[in-house]
Amino acid sequence: MTTRHRHASTPLVASALALMAALGTIGLSSTSASAADSSSLQPAFAATDHPVTDVPGLVNARELGSFVTADGRSVASSKLIRSESLDKITPAGASTLAKKYHVELVIDLRTPAQIAAKPDVPVPGAKVVNVSVLGADADYSDDTVMYHDLADKGYVSASTPGPTIKAYAKVLHLLAKQRHGTVLIHCSHGMDRTGTVVDLLDHVLGVSRSDTLHDYLLSNTQLGVTWATPELLQGTFETDVANTYAGLDSYISKTLKVSHHDLAELRTTYLVAKAAPGDPCHHGKGKGHGAGPAGHAI
């Protein structure tokens, strides 16, 4: 998320509003319509979702969804956590990330100014890499403008790609190299910059667009807001990529220049063999086979 002045509802306030709506104490028809809109933008957690709820000070955090991918494998959910910034977690929370979740690499997508203003609480033993997706300035008053920039801010040519494309390429390379432990990737609120990075990773892994959108919208659920919308992720970011770069496959392989080796490593690290019926795939530590998802050109 950017430094835009967004104010998330506390979990208590969000729960209270939901209860009031359920009891009919907010009875205006316009409010009912708004509640319906909120419901569609705040999906319920499913069995494939793994919210991180035991790190004090961390509200919007979850592991990758353990979705079944195009080639029948499953996402190794415990290999990556997406979250908001770590500036509000307690020392005990940082210890939980290290000891329970085995976080060994933290990728911070914020600008240098945002990091200086709200530095993360360190996770013991974890390496930190700062990769600003939006360059030096991430102060937006319009989300649609921001999502246009999240496709290719500063792009001039292949030799002058701008900060956003360079950042995505670096992040995907870092994820491909991290064969052990868990990666935690975050921006400010864990929604926009983190959302587009996870969108790219999900595409490489063969996760369906509907599952990717569901996971993206869970940030609304966890924060008690309705900021994330399909129109932003799919209608703006993905549409820009499709119109300008001929789609995500071409964008990843030709514009970001993610190598075939890195693509194979991403699939090896973040995919596991499909679990047998009744065998939970969550927290599976096995490796995939390295082949790309069926139907993928990249």
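Read in order, the letters of the sequence shown are residues -35 to -1, 1 to 263 in mature numbering (1 follows the signal peptide of the UniProt record, and there is no 0).
Note that CB positions come from ideal geometry on N, CA and C, so glycine has one too.
Quiz item: Is the region 160 to 169 touching the region 195 to 208, taking contact as three or more C-beta pairs under 8 Å?
Solution: yes
Quiz item: Do you know how far the Cα of Val88 is from the Cα of Ile15?
Solution: Contrary to the premise, residue 15 reads as His rather than Ile in this sequence. Near 20 Å, if we compare the C-alpha coordinates of Val88 and His15.
Quiz item: Which residue from Arg174, Ser43, Leu182, Asp19 puts its Cα closest to that of Gly155?
Solution: Residue Leu182 is the option with its Cα nearest to Gly155.
Quiz prompt | Neighbourhood of Pro126 by C-beta distance below 7 Å, restricted to the same chain and skipping five residues each side | solution = Apart from sequence neighbours up to five positions away, the residues of its chain that approach Pro126 with a beta-carbon distance below 7 Å are Tyr120, ordered along the chain.
Quiz prompt | DSSP beta-bridge partners of Pro16 | solution = Arg27
Quiz prompt | Identified DSSP bridge partners for Val94 | solution = Ile72
Exercise. Whole angstroms is fine: what's the gap from Ser(-4)'s alpha carbon to Ser4's?
Key: Confidence is the limiting factor: at Ser(-4) the pLDDT is only 46, short of 50, which leaves the residue's position unreliable, though a coordinate-based value still follows. Distance between the alpha carbons of Ser(-4) and Ser4 is about 10 Å.
Quiz item: Counting pairs of beta carbons, one from the region 62 to 82 and one from the region 206 to 215, are three or more of them closer than 8 Å?
Solution: At 8 Å Cβ cutoff, the stretches do not touch.
Quiz item: So the beta strand (DSSP E) Arg158 belongs to, where does it begin and stop?
Solution: Counting along the chain, Arg158 falls outside any beta strand (DSSP E), though it belongs to the alpha helix (DSSP H) covering 158 to 170.
Quiz item: Along the chain, where does the alpha helix (DSSP H) that runs through Ile46 open and close?
Solution: Segment 45 to 48 is the beta strand (DSSP E) holding Ile46; no alpha helix (DSSP H) there.
Practice problem: List the endpoints of the continuous alpha helix (DSSP H) containing Val88. | Solution: Here Val88 belongs to no alpha helix (DSSP H), and DSSP marks it neither H nor E.
Practice problem: Using the Cα positions of Thr233 and Leu99, report the straight-line distance between them to the nearest angstrom. | Solution: 29 Å
Practice problem: Can you give me the Cβ contacts of Pro56 inside the same chain, cut-off strictly under 8 Å, excluding the 5 residues immediately before and after it? | Solution: Val86
Quiz item: Rounded to whole angstroms, how far is the Cβ of Ser48 from the Cβ of Leu149, which I believe are closer than 8 Å?
Solution: 6 Å
Quiz item: Whose CA, out of Ser60, Ile263, Leu170, Tyr210, lies closest to the CA of Ser218?
Solution: Ile263
Self-check item: Cutoff 7 Å; reference Lys83; Cβ partners in own chain excluding five residues on either side
Solution: Ser50, Asp52
Exercise. Have a look at the DSSP bridge pairing and note the partners of Ile150.
Key: Beta-bridge pairing links Ile150 to Arg47, Ile72.
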